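**Q** Read left to right, the sequence shown gives residues 40 to 186 (the working numbering).
Using N, Cα and C, we set each Cβ at its ideal position, and we do this for glycine too.
Fair warning: this is a prediction, and the values are worked out from it, not measured in the lab.
Submitted below is the structure of interest, expressed as structure tokens.
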Amino acid sequence: PLPLPQTVRVEIIEGRHWGYVEFKGITHYICTEPVNETDRFCIVKNMIHKIGDRSQAAGILFWDRVNLDPWVYVAQTDTLCRETSCGSGSAAVGVWTARSSEKKKLEIPVHQKGGLIQVSYFCENRKEHISISGEVRIEAEGIVYLE
40 PLPLPQTVRV EIIEGRHWGY VEFKGITHYI CTEPVNETDR FCIVKNMIHK IGDRSQAAGI
100 LFWDRVNLDP WVYVAQTDTL CRETSCGSGS AAVGVWTARS SEKKKLEIPV HQKGGLIQVS
160 YFCENRKEHI SISGEVRIEA EGIVYLE
């Protein structure tokens, strides 16, 4: 099982509804509204400006109930990366989907550019459990020298 979220709620930022799922160390903002692919970078940059450094890291997730497009911002290094896959983002989507639909049990495939992550969620006696599974591939190996 994965660590459980500390907070799950809805936030309205610039007129858009975002699912807010806060884990220790990273907060995920989940957009389930349709967003054109070409508009996503601008939305992500605006979100980073709006949320500032509320958490160590922020995942800005575009989720259409099948496909996940995860972007991750790390405040300390001021870096933004469009990920090919995101495990904690997949878990956040699972918790958000289960809670917003009031389901006690949920199995959900989360398709991403890096492949499929299967999310399992269940709530029993007011205790939540969440896990993810999927194939892991090493995309590159090597040594990097920095000056």
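Looking only at its own chain, which residues have a Cβ that is under 7 Å from the Cβ of I147, when we skip the five neighbours before and after it?
**A** Position 108 of the sequence shown, counted from the first residue, corresponds to residue 147. Excluding residues within five positions, the ones whose Cβ falls inside 7 Å are G133, T136 and V158.
**Q** Taking all protein chains shown into account, decide if T120 is buried (16 or more other Cβ within 10 angstroms of its Cβ) or exposed.
**A** Indexing the sequence shown from 1 puts residue 120 at position 81. The sequence shown places Cys at residue 120, rather than the Thr named in the question. So C120 ends up on the exposed side.
**Q** Just reading off the beta strand (DSSP E) that A97 is part of, what are its end residues?
**A** One-based indexing of the sequence shown puts residue 97 at position 58. Segment A96 to W102, the beta strand (DSSP E) holding A97.
**Q** Quick check: what's the CA-CA separation for A179 versus C162?
**A** Counted from its first residue, the sequence shown places residue 179 at position 140. Counted from its first residue, the sequence shown places residue 162 at position 123. Their Cα atoms are separated by approximately 38 Å.
**Q** Quick one: what does DSSP say T71 is sitting in, helix, strand or coil?
**A** Your numbering for residue 71 matches position 32 in the sequence shown. Coil, per DSSP.
**Q** Any heavy atom of the ligand FAD closer than 7 Å to the CB of C162?
**A** Absent from the structure shown: the ligand FAD. Ligands present: none.
**Q** Do G98 and H56 have their C-beta atoms within less than 8 Å of each other?
**A** Mapped onto the sequence shown, residue 98 falls at position 59. Mapped onto the sequence shown, residue 56 falls at position 17. Going by C-beta atoms, G98 is not nearer than 8 Å to H56.
**Q** Could you check how far apart the C-beta atoms of I87 and Y112 are, in whole angstroms? I think they sit under 8 Å.
**A** Position 48 of the sequence shown, counted from the start, is the residue given in the question as residue 87. Position 73 of the sequence shown, counted from the start, is the residue given in the question as residue 112. Contact flag correct, Cβ pair sits at about 5 Å.
**Q** Can you name, in chain order, every residue of its own chain whose Cβ lies under 8 Å from the Cβ of P40, other than the five neighbours on each side?
**A** On the sequence shown, residue 40 is found 1 positions in, with the first residue counted as 1. Excluding positions up to five away in sequence, the list reads H168, I169 and S170.
**Q** In whole angstroms, what is the alpha-carbon distance linking T118 and A96?
**A** Within the sequence shown, numbered from 1, the residue matching residue 118 stands at position 79. Within the sequence shown, numbered from 1, the residue matching residue 96 stands at position 57. Looking at the two C-alpha atoms, the distance is approximately 10 Å.
**Q** According to DSSP, is R138 helix, strand or coil?
**A** Counting from 1 along the sequence shown, the entry for residue 138 is found at position 99. Three-state result, R138: helix.
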